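For the record, the sequence lines run as chains A and B.
In the numbering used here, each number is its position in the first sequence, counted from 1, plus 9.
In the numbering used here, each number is its position in the second sequence, counted from 1, plus 4.
Note that the Cβ used here is the ideal one computed from N, Cα and C, for glycine as well.
Fair warning: this is a prediction, and the values are worked out from it, not measured in the lab.
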Amino acid sequence: MFRYTKLTLLREVGLWALALLFLAPFYFLVTTALKPDNELFTTSALAPPTSPDFSNFVDVLTATGNSNVVMGLVNSAIITAGSIVGLIALGSITGYVISRSTRRWSKGAYYLFLIAIILPGQLGAVPLYMGARALGLTGSAWGLIILYTGMLLPLSIFLYANFFRGLGTDYEEAATIDGASKSQIFSKVVFPMMAPATGTVTIFAGLIVWNDFFTSLIFLGGSANQTLPVAMYYYIGSLVSQWNSIFAIVIVSMIPILALFLFAQKRFIQGFSGGLKG
Amino acid sequence: MTATMQPKSEAAEAPRRGKRTPGTGENTRPRRGPMQFGHWWWALPGIALVFAIHYVATGIGGFFAFTNWTGIGSFKITGWANFEAIFKDPTKLGALSNTLFLAFGSVLLGNIAGLVIALGLNRVLKTRYILRTLFFMPVVLSPLATAYIWKYIFDFDGPLNAFLTAIGAGDQAKPWLADPQWAIWTVLVVLVWSSTGFAMVIFMAGLAGVPVEVEEAAAIDGANLWQRFRNVTLPAIRPAVAIATTLGIVQGLRVFDPIMALTGGGPAGATETLATLVYKQAFALGNFGGGAALALVLAAIILIFAVLQQRLTRSNPED
Chain A
10 MFRYTKLTLL
20 REVGLWALAL
30 LFLAPFYFLV
40 TTALKPDNEL
50 FTTSALAPPT
60 SPDFSNFVDV
70 LTATGNSNVV
80 MGLVNSAIIT
90 AGSIVGLIAL
100 GSITGYVISR
110 STRRWSKGAY
120 YLFLIAIILP
130 GQLGAVPLYM
140 GARALGLTGS
150 AWGLIILYTG
160 MLLPLSIFLY
170 ANFFRGLGTD
180 YEEAATIDGA
190 SKSQIFSKVV
200 FPMMAPATGT
210 VTIFAGLIVW
220 NDFFTSLIFL
230 GGSANQTLPV
240 AMYYYIGSLV
250 SQWNSIFAIV
260 IVSMIPILAL
270 FLFAQKRFIQ
280 GFSGGLKG
Chain B
5 MTATMQPKSE
15 AAEAPRRGKR
25 TPGTGENTRP
35 RRGPMQFGHW
45 WWALPGIALV
55 FAIHYVATGI
65 GGFFAFTNWT
75 GIGSFKITGW
85 ANFEAIFKDP
95 TKLGALSNTL
105 FLAFGSVLLG
115 NIAGLVIALG
125 LNRVLKTRYI
135 LRTLFFMPVV
145 LSPLATAYIW
155 KYIFDFDGPL
165 NAFLTAIGAG
175 DQAKPWLADP
185 QWAIWTVLVV
195 LVWSSTGFAM
205 VIFMAGLAGV
215 PVEVEEAAAI
225 DGANLWQRFR
235 NVTLPAIRPA
245 VAIATTLGIV
255 QGLRVFDPIM
265 ALTGGGPAGA
275 TETLATLVYK
285 QAFALGNFGG
295 GAALALVLAA
305 IILIFAVLQQ
315 RLTRSNPED
């Protein structure tokens, strides 16, 4: 019934045309970044550069101070990795307990987390900043890791709790009969089983933390530990309509995440759809 | 990206399902006394952290919504004055309507585009996985990077105007982002561009669950393409529609980064939303009380629409 017909071919060609149109912004991004300064205004915005030039990228990678991109890459990587570890550790254990507990408070806790997911962050931003400053957590990677862990924890707990709800208790019962302790059951039996949920949490949290601009701008303000988006923001702030330089740093900033996505795209897309399917 | 408000969403999908007794929630768990697995206090660190960062901070922020606090120094409790000011100020009401326009516009267009692409990619296509990857690419980009790319495209010397000139429509060229009439549409385009891929994968996952046999049977019975979509496919992907639209609305109502980077709310407030206004009031204009009141209004709107959306699109009533 559903064979590959001429109509299917037509559909395939049409979708490719649509995809190319959809991805046209990437074409402008790359061609403009490769234009030397003098070509920026002499060539059409639609045309590729006549003599491609990588000097914009050299400038980006050697920038210092607030817009030190290499430093930003390192900081972003540390903060993202730290937040993911925190979210997996706290999210898995909390999600496990609230979904396995039969006590009444566990349901209350579940809704506590659910509502926290949709509260808009701006309302708490100033009190949070004052609290973090009083505790000496502003301006450091540690402070930001704790903050991101707390901010995204409801999402992580939610994903884990839903995962456990669909998971029977057979394995845990078997382990109990074999004499395993509660903490052994969790670390040796349950944690390995929740790999799909852990994958989803890693992808969601990784993307959100890596790409986040607002939180790191406020909480790292003025310190030397800038994240990549903030470094990009400062770098671009010093340029007016220098689109070739702007796009060079935009490309540098998106290469890590895009490379990771293309490398593990199946995992990414499964993480997105699997974690959210109804 | 945030998750959904659908409590049972993973339940049906999780692999390695164990034995489950019929019924939902509490009844399915073993009855041999409370807390057979894990200790209840294991949840304490997580609960404490969420409580401190989400509820305490939001609660304090909410309290200041009823004060005239500037962000530093002393303050007076002013009751509902901040809220009255919101509903008397045309710029704030304008921001409210912009917020709703962008949220619903991006959800509608992004989901239609995502659904059309997902239907197009469904079944027999040879390159469907490559195409899926390509359409999903914008989703992983940071909103900041995305906004810079589009800022150039809509620039007066940018590709869009160059294209219009090339096809002989040069008189239509304009500074899109600085045009009070067009600026909000450009923001909408950017939001749709970055959310289409997300809606697409959710719909593709939903479509994968539609049994081929049912579709074939409908086709053999003489149902045309539209009838098949309307009566077979659509009911089967309703959960996917619910998830994609709820998420989109919650995200769309609090959209911040792209607008700040694209237009900064301008020109003359034409693209101002509640989220950008909250930021400006609380952080730039030293009116934290007013900003907090706006944030409270935004939170209420998000909650209302999230709940409404869940009710309207819920797949089956006993869920």
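Residue state for Ile-76 (chain B) is assigned as coil, using DSSP reduced to three classes.
Listed along chain B, the residues sitting closer than 8 Å to Arg-12 (chain A) by beta-carbon distance are Val-128.
Restricting attention to B:Glu-276, B:Ile-206, B:Phe-233 and B:Thr-71, the CA atom closest to the CA of Pro-243 (chain B) is found in B:Ile-206.
Taking 8 Å as the upper bound for CB-CB distance, Phe-167 (chain B) and Leu-55 (chain A) are in contact here, some 6 Å apart. When Cβ-Cβ separations below 8 Å define contact, Phe-228 (chain A) makes no contact with chain B. For Thr-131 (chain B), the residues of chain A that pass the 9 Å Cβ criterion are Glu-21, Leu-24 and Trp-25, in the order they occur in the chain. Nearest neighbour of Gln-255 (chain B) by Cα position, chosen from B:Asn-235, B:Ala-297 and B:Ser-198, turns out to be B:Ser-198.
The contact set of Phe-140 (chain B) on chain A, defined by CB atoms closer than 9 Å, consists of Phe-270, Gln-274, Phe-277, Ile-278 and Phe-281 in chain order. The closest CA to that of Thr-73 (chain A), considering only A:Asn-253, A:Gln-274, A:Phe-270 and A:Ser-247, is found on A:Ser-247.
Inclusion of Val-194 (chain B) and Ala-248 (chain B) in the CB contact set at 8 Å is not warranted, their separation being larger than that value.
The residue from B:Pro-179, B:Asn-165 and B:Trp-180 with its alpha-carbon nearest to that of Ala-173 (chain B) is B:Asn-165. Nearest to Leu-312 (chain B) by alpha-carbon distance, out of B:Lys-178, B:Ala-246 and B:Ala-223, is B:Ala-246. Of B:Asn-115, B:Ala-299, B:Leu-307 and B:Ile-64, the smallest CA-CA separation from Gly-201 (chain B) is found for B:Asn-115. The three-state secondary structure of Ile-241 (chain B), taken from DSSP, is coil.
Contact between Ser-115 (chain A) and Tyr-169 (chain A) is ruled out by a C-beta separation of about 13 Å, above the 8 Å threshold. The beta carbon of Asn-126 (chain B) lies closer than 6 Å to those of Leu-211 in the same chain, with the five residues before and after it left out. Taking C-beta atoms under 8 Å as the contact rule, Ala-150 (chain A) and Asn-234 (chain A) qualify, at a distance of about 6 Å. Residue A:Asn-171 holds the alpha-carbon nearest to the alpha-carbon of Tyr-105 (chain A) among A:Val-94, A:Gly-81, A:Asn-171 and A:Thr-40.
Within the segment 39 to 63 of chain B, the residues whose Cβ lies closer than 9 Å to some Cβ of chain A are Met-39, Gln-40, Phe-41, Gly-42, His-43, Trp-44, Trp-45, Trp-46, Ala-47, Leu-48, Pro-49, Gly-50, Ile-51, Leu-53, Val-54, Phe-55, Ala-56, Ile-57, His-58, Tyr-59, Val-60, Ala-61, Thr-62 and Gly-63, listed in chain order. Taking 8 Å as the cut-off, the Cβ atoms of Thr-131 (chain B) and Phe-158 (chain B) do not count as close. Taking C-beta atoms as the reference points, Asn-220 (chain A) and Leu-49 (chain A) fail to come closer than 8 Å. Taking a cut-off of 8 Å on C-beta distances, the segment 261 to 273 of chain A does not touch the segment 182 to 196 of chain A, as fewer than three cross pairs fall below it. With contact defined as three or more Cβ pairs closer than 8 Å, the segment 79 to 98 of chain B and the segment 152 to 169 of chain A are not in contact.
Contact between Leu-156 (chain A) and Thr-111 (chain A) is absent: CB atoms are separated by about 33 Å, not below the 8 Å threshold. CA-CA distance, Val-22 (chain A) to Trp-230 (chain B), rounds to 22 Å.
When the beta-carbon positions are compared, Gly-269 (chain B) and Leu-132 (chain A) stay at least 8 Å from each other.
Among the CB atoms of chain A, one or more fall inside 8 Å of the CB of Asp-161 (chain B). Neighbourhood of Ile-266 (chain A) in chain B, by CB distance below 8 Å: Val-144, Leu-145 and Ser-146, in chain order. The three-state reading of DSSP puts Thr-71 (chain B) in strand, counting E and B together.
Counting only the Cα atoms, Asp-46 (chain A) lies some 11 Å from Phe-63 (chain A).
DSSP places Ile-171 (chain B) in the coil class of the three-state scheme, outside both helix and strand. In summary, Gly-77 (chain B) is exposed, with fewer than 16 beta-carbon neighbours lying within 10 Å of its beta-carbon over all protein chains present. Contact annotation: His-58 (chain B) and Leu-96 (chain A) have beta-carbon atoms that are not nearer than 8 Å. At a cut-off of 8 Å, the C-beta of Ile-308 (chain B) has no neighbouring C-beta in chain A. Within the DSSP secondary-structure output, Ile-97 (chain A) pairs in no beta bridge. Unbroken alpha helix (DSSP H) runs of no fewer than 4 residues, entirely contained in the segment 117 to 165 of chain A, are found at 131 to 143, following chain order.
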